[in-house]
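Here the protein sequences line up with chains A, B, C and D, keeping their order. Numbering follows the working numbering, with no gaps: position 196 of the first sequence is 241. Numbering follows the working numbering, with no gaps: position 28 of the second sequence is 73. Numbering follows the working numbering, with no gaps: position 106 of the third sequence is 138. Numbering follows the working numbering, with no gaps: position 175 of the fourth sequence is 207. Heads up, the beta-carbon is just placed ideally off N, CA and C, and yes, glycines get one too. Nothing here was measured: the structure is a model prediction, and the numbers come from that model. Right, one structure below, let's go through it.
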Amino acid sequence: MKLIDINQFKAHLSDGLSIMVGGFMAVGTSETLIDAIVETNVKNLTIICNDAGYPDKGVGKLIKNKQVKRLIASHVGLNPLVGQMMAEGSLEVILTPQGTLAEQIRAGGSGLGGILTPTGVGTQVEEGKQKIIINDKEYLLETALKADIAIIYGSLVDKFGNVIYNATTRNFNPIMAMASEKVFVWAEKYVDELEPNYIMTPHIFVDYIVKENN
Amino acid sequence: MKLIDINQFKAHLSDGLSIMVGGFMAVGTSETLIDAIVETNVKNLTIICNDAGYPDKGVGKLIKNKQVKRLIASHVGLNPLVGQMMAEGSLEVILTPQGTLAEQIRAGGSGLGGILTPTGVGTQVEEGKQKIIINDKEYLLETALKADIAIIYGSLVDKFGNVIYNATTRNFNPIMAMASEKVFVWAEKYVDELEPNYIMTPHIFVDYIVKENN
Amino acid sequence: MNIKEVIARRVAKELKDGHVVNLGIGLPTLVANYVPEGIKVHFQSENGMINLGPKPDLTQEHPDIINAGGEKVSILTGGAYFDSFLSFSIIRGGHVDLTVLGSLEVDEKGNIANWIIPGKLVPGMGGAMDLLVGAKKVIVAMSHTNKGKPKILKQCTLPLTAKGEVNMIFTEMGVMEVTDKGIRLIEINPIYTVEDVQNNTEAQLIIAEDLKAMEIIYENNC
Amino acid sequence: MNIKEVIARRVAKELKDGHVVNLGIGLPTLVANYVPEGIKVHFQSENGMINLGPKPDLTQEHPDIINAGGEKVSILTGGAYFDSFLSFSIIRGGHVDLTVLGSLEVDEKGNIANWIIPGKLVPGMGGAMDLLVGAKKVIVAMSHTNKGKPKILKQCTLPLTAKGEVNMIFTEMGVMEVTDKGIRLIEINPIYTVEDVQNNTEAQLIIAEDLKAMEIIYENNC
Chain A
46 MKLIDINQFK
56 AHLSDGLSIM
66 VGGFMAVGTS
76 ETLIDAIVET
86 NVKNLTIICN
96 DAGYPDKGVG
106 KLIKNKQVKR
116 LIASHVGLNP
126 LVGQMMAEGS
136 LEVILTPQGT
146 LAEQIRAGGS
156 GLGGILTPTG
166 VGTQVEEGKQ
176 KIIINDKEYL
186 LETALKADIA
196 IIYGSLVDKF
206 GNVIYNATTR
216 NFNPIMAMAS
226 EKVFVWAEKY
236 VDELEPNYIM
246 TPHIFVDYIV
256 KENN
Chain B
46 MKLIDINQFK
56 AHLSDGLSIM
66 VGGFMAVGTS
76 ETLIDAIVET
86 NVKNLTIICN
96 DAGYPDKGVG
106 KLIKNKQVKR
116 LIASHVGLNP
126 LVGQMMAEGS
136 LEVILTPQGT
146 LAEQIRAGGS
156 GLGGILTPTG
166 VGTQVEEGKQ
176 KIIINDKEYL
186 LETALKADIA
196 IIYGSLVDKF
206 GNVIYNATTR
216 NFNPIMAMAS
226 EKVFVWAEKY
236 VDELEPNYIM
246 TPHIFVDYIV
256 KENN
Chain C
33 MNIKEVIARR
43 VAKELKDGHV
53 VNLGIGLPTL
63 VANYVPEGIK
73 VHFQSENGMI
83 NLGPKPDLTQ
93 EHPDIINAGG
103 EKVSILTGGA
113 YFDSFLSFSI
123 IRGGHVDLTV
133 LGSLEVDEKG
143 NIANWIIPGK
153 LVPGMGGAMD
163 LLVGAKKVIV
173 AMSHTNKGKP
183 KILKQCTLPL
193 TAKGEVNMIF
203 TEMGVMEVTD
213 KGIRLIEINP
223 IYTVEDVQNN
233 TEAQLIIAED
243 LKAMEIIYEN
253 NC
Chain D
33 MNIKEVIARR
43 VAKELKDGHV
53 VNLGIGLPTL
63 VANYVPEGIK
73 VHFQSENGMI
83 NLGPKPDLTQ
93 EHPDIINAGG
103 EKVSILTGGA
113 YFDSFLSFSI
123 IRGGHVDLTV
133 LGSLEVDEKG
143 NIANWIIPGK
153 LVPGMGGAMD
163 LLVGAKKVIV
173 AMSHTNKGKP
183 KILKQCTLPL
193 TAKGEVNMIF
203 TEMGVMEVTD
213 KGIRLIEINP
223 IYTVEDVQNN
233 TEAQLIIAED
243 LKAMEIIYEN
253 NC
């Protein structure tokens, strides 16, 4: 397990990366790591996140700073900038049902090719997708999703990289930690050791623990 | 939430039921609930369990008592009776890779039609199954699995039916609690209330809490 | 009492003891204020909690505890937190008894459109498509018309959120069921006539033989 | 030292610092006894734990803590428990660096057969099919022959557990790599000649130009 500081985290960033960002309406998003990405000013990012955050919170900061080429999310309604940029053509947005997005990410981290969901059948979401009938019911084949990097918000992180999330900060963090090549976790609180039974993300998914000043 | 006793549990049992039984080599299996099923002597059961337990432990007791028509499991090697009964033709065994079994049960509880796994490609496991190619890689389409009843072993169960499992007793219990019509949980310890952040099976999946003498 | 309150109060009567309920953002959220006495309902929030409690006061609120609308909330005794993945297993897997959603359009086939107005408004579907497909019962709670234009149509004109999933529609004018034969008006707000309701509805309504007055508690005119 | 120990000691040298490792039941389990000094390996058990520790003494053992073979074990500092579903996400998802499995047969295409002898023995595949497909590196650790009959074949005769997934084979006679061109002998136990090894192997071996002596710590003859 590697404990690194913000500058070392920045050294992993480059143009064109795909980044999974944990959080729901920016709760469970590490603003520290987002700010670091803003500071590096890397461009053409693909961001995978439940939503677009707010203009000055969460992934919204990256969007505002024009670092994002493509956003994969389920909801962008609370960030008016997104609608504007979509209309201008300066941001590509792939809207995905929230449950499907969760399944795609988990499939990516679990070595599955994809899953069959009834969600989106008969809507625009089915366009271009394979439909499979099982027991007379139609399902969409939704394929697995992975990323180069995940930034994870842990409420408690131990020195091994084990993570516990508090309350609704958990959201997409655990599955994103499984589906990315390099996983960085920032902690609200750094502790020595966590109770094995209550760990939500085991250390083997975490590549780096980032601490503001190490 | 309904707190019931063993006799009330027995009243839910009948011939021909499909029953998911949590546990791995009988660790995380409620012997109390297994014994109750043995006592009712209901027949022609379909049992879905990771393994066949031991002849006198876990689902092995149901097999020994000739109550099981069909067993869906990943491993039966530690119960010699099973091999014998398979050879005689008195027990149908469907062997499934352990990870696939877990995915099928979770899919059943999650409203998915199935999942695409690379496990089993090029083996007997692929027989009769649809193969789907994604990004030049072959996957098997494994369909969802559900049951009439699940019997769950909780280490700690609160009065609402929330469950926490200790150590390796967790195994298949959480996903089985999601995939069955009626879910019965037996507890090693009955408590008043559990910490919301560490609950592993939320109460909404649990229909009945069974207590030996209520 | 405004229109939203009328609708929320009536929808609340559909809640049954032990129900797992997911309320959409906006009007549907108000339903939680009118849970009938003597029953216990478990509100689920798709961002990862069950047994959602009321808005806490400033001293009680915690930045880690929000609902799907991003508002700070509380959790009741017996509640639990979980991740988004399990949350949608709950939703898609048929473990939610009832969902209440707002809408832009609904039609006589039970189709619903509420996630996009092409070229104008693109909020995204969030969890709505999963809720519509997965919840055992889908209730649409909305104003009957939009600036005088009907929202209950023969056929939705906007891109669908789900096909044939709506079970009931609650508006300030009445209560409707989606049946194989079309939309059936089963309760009417006594301040309107059947003609009023039909005139504000594009779909041809089937009028229940035992049409009842909408069971709402009127405190004043709306 | 018996055959099993020879093999386990040699396999242990493949362990690298930080590796996530899953050991099969039987011979492979012994590998845990010979982790090279100075490195830390995280042993995973598919029934739901990471950082598996040694067998506890009677006062320390707990009925809730077992490995995939059903034996009572311990957990080391930094370890975690999880359910079977997450456990196989770890396995299938490429988060296991190395798995060591025993086998009945292996062939020159990297095929492996170790879960069934039709009509005779039907233990089931347990987690083996997932481990073979998901682990980054697959090591087969087994006796070179079965009652004098080769187990390393041109083509497996028993039903496969996985197709083309084996990377290396460790036996008491030597160490082999599965390559595109066939099985390459890269280390040989000095008590055997190349001819001995080939005579006990059905597949045609490719002999490495830099064939080395098998790096084992001999305490006595086996």
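The continuous stretches of beta strand (DSSP E) do not include R215/B, and DSSP gives it neither H nor E. Bounds of the beta strand (DSSP E) holding T131/C are 130-133. Between the alpha carbons of D139/C and G180/C lies a gap of roughly 17 Å.
Under a criterion of Cβ atoms nearer than 8 Å, the residues of chain A adjacent to R124/C are, in order, G144, T162, P163, T164. Taking the beta carbon of K176/A as reference, no residue of chain B falls within 8 Å; the closest one sits roughly 10 Å away.
What E187/A touches in chain D, judged by beta-carbon distance under 8 Å, is nothing: the nearest beta carbon there is about 17 Å away.
In chain order, E238 make up the part of chain A whose C-beta sits under 7 Å from the C-beta of T109/D. From the beta-carbon of F75/D, no residue of chain A is found nearer than 9 Å; the closest lies around 11 Å away. Residue environment for Q76/C: buried (at least 16 other C-beta atoms within 10 angstroms of its C-beta). Counting along the chain, no beta strand (DSSP E) covers T61/D; the unbroken alpha helix (DSSP H) around it starts and ends at 59-62. Contact annotation: I209/B and E187/B have beta-carbon atoms that are not nearer than 9 Å. DSSP lists no beta-bridge partner residue for S155/B.
Between the alpha carbons of P182/D and A160/D lies a gap of roughly 22 Å. By the beta-carbon neighbour count (other beta carbons within 10 angstroms, threshold 16), T225/D is exposed. For secondary structure counted as the alpha helix (DSSP H) over 4 or more consecutive residues, the region 157-219 of chain C holds these complete runs in sequence order: 160-166.
In this structure I196/B touches I64/B by the C-beta definition: roughly 7 Å separates them, less than 8 Å. Taking a Cβ-Cβ cut-off of 9 Å, the neighbours of I220/B in chain D comprise D115, S116, F117, given in sequence order.
Here Q143/A is buried. Its C-beta has 16 or more other C-beta atoms within 10 Å.
Residue pairing by DSSP leaves F205/A without any beta bridge partner.
Excluding five sequence positions before and after N79/D, the CB atoms of its chain that fall closer than 8 Å to its own CB belong to I98, N99, A100, S116, S119, given in chain order. Taking 9 Å as the upper bound on Cβ-Cβ separation, chain C lies near residues S119, H120, V121, G122, L123, V127, G128, M131, A132, V138, L140, T141, P142, Q143, G144, T145, L146, A147, E148, I150 of the region 119-150 of chain A. DSSP places V229/D inside the alpha helix (DSSP H), whose first and last residues are 226-231.
Leaving aside the five residues that flank M131/A on each side, the residues in its chain whose CB is nearer than 7 Å to its CB run, in chain order, V138.
In the structure shown, the three-state DSSP call for D237/A is coil. If you ignore the 5 residues before and after M208/D, its C-beta comes within less than 6 Å of the C-beta of I201, I215, L217, all in its own chain and listed in chain order. Of all residues in the region 63-76 of chain B, only F69, M70, V72 place a beta-carbon less than 7 Å from a beta-carbon of chain D. Rounded to whole angstroms, the gap between the alpha carbons of K88/A and K106/A is 13 Å.
From the beta-carbon of T193/D, the residues of chain B found nearer than 8 Å are T168. Per the C-alpha coordinates, the member of K256/B, T85/B, V166/B, A192/B positioned closest to V66/B is A192/B. Bounds of the beta strand (DSSP E) holding G110/D are 106-113. Per DSSP, T188/A is not a residue of any alpha helix (DSSP H); the beta strand (DSSP E) it occupies stretches across 182-188. Sequence-distant Cβ neighbours of K244/D in its own chain, meaning closer than 6 Å and more than five residues away, are E219. The C-beta distance from P191/D to P150/D rounds to 7 Å, short enough to meet the 8 Å contact threshold. At least one CB of chain C lies nearer than 9 Å to the CB of D203/B. DSSP, reduced to helix, strand and coil, places K109/A within a helical segment of the structure shown. According to DSSP, residue pairing for Y243/B in a beta bridge does not occur.
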